[in-house]
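Notes follow the structure.
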Amino acid sequence: MTVSEEQQALDLQFMQRAYELAQQAETIDEIPVGAVVVANNIIISEGYNQSISLNDPSAHAEMVAVRQAGTVLQNYRLLDCTLYVTLEPCPMCAGLLVHSRIKRVVYATTDLKTGAAGSAFNLLCDDKHNHQIEVHSGVMAEESSQLLSAFFKRRRAEKKALKKKSKLAL
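Going from the sequence shown to my numbering is simple: count from 1 and add 2.
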């Protein structure tokens, strides 16, 4: 499906906010993923990864944003909403999105290991479901990919330094 220039501009605007939220997640040492839910071209909810800080494996950016959107709309169905997220949703989040009946998902960068919007799996568009989600990708892909890569590079360096420090202590 082709996206109009007007929609492309809106997609960029909303993805920029999701990216800011991803940066916020990084400041608390969470995997930098951010998400917003939009209805009628207005952000109605936001989320960023908080699994570590909340000790909750389900506290992915998408989960946080979708739960909040349901509360805002007073409905568990997000029929005319769009989710913007900086990383392709995982299978857990894809299940949530299908069950919420969200209309559209726009994600920045792919997740070749666990992406469930067409990379590793294709749960969002599986014709076995009674609801099909419109999926678009690549909006701010480079920035989001770089943010994630830098985060994991830093994490690996920190683990290596800790390991080296503990060996020296022996």
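We put the CB at the ideal spot given by N, CA and C, even for glycine.
The model shown is predicted, which means the values in this text are computed figures rather than measured ones.
- Rounded to the nearest angstrom, the gap between the Cα atoms of Val87 and Ser139 is 10 Å.
- Note on geometry: alpha-carbon atoms of Gln148 and Gln25 lie some 11 Å from one another.
- Here Ser121 carries a coil assignment [DSSP, helix/strand/coil].
- The alpha-carbon separation between Ala37 and Arg157 amounts to approximately 22 Å.
- Residue state for Gly36 is assigned as strand, using DSSP reduced to three classes.
- The Cβ-Cβ distance between Ile135 and Val100 falls below 8 Å.
- In this structure, the straight-line span from the alpha carbon of Gln18 to that of Ile30 is close to 19 Å.
- Taking each of Ser102, Arg103, Gly97, Asn132 in turn and checking the Cα distance to Ala119, the smallest one comes out for Gly97.
- Sequence-distant partners of Gln76 (beyond 5 residues in either direction) whose C-beta falls short of 8 Å from its own C-beta are missing from its chain.
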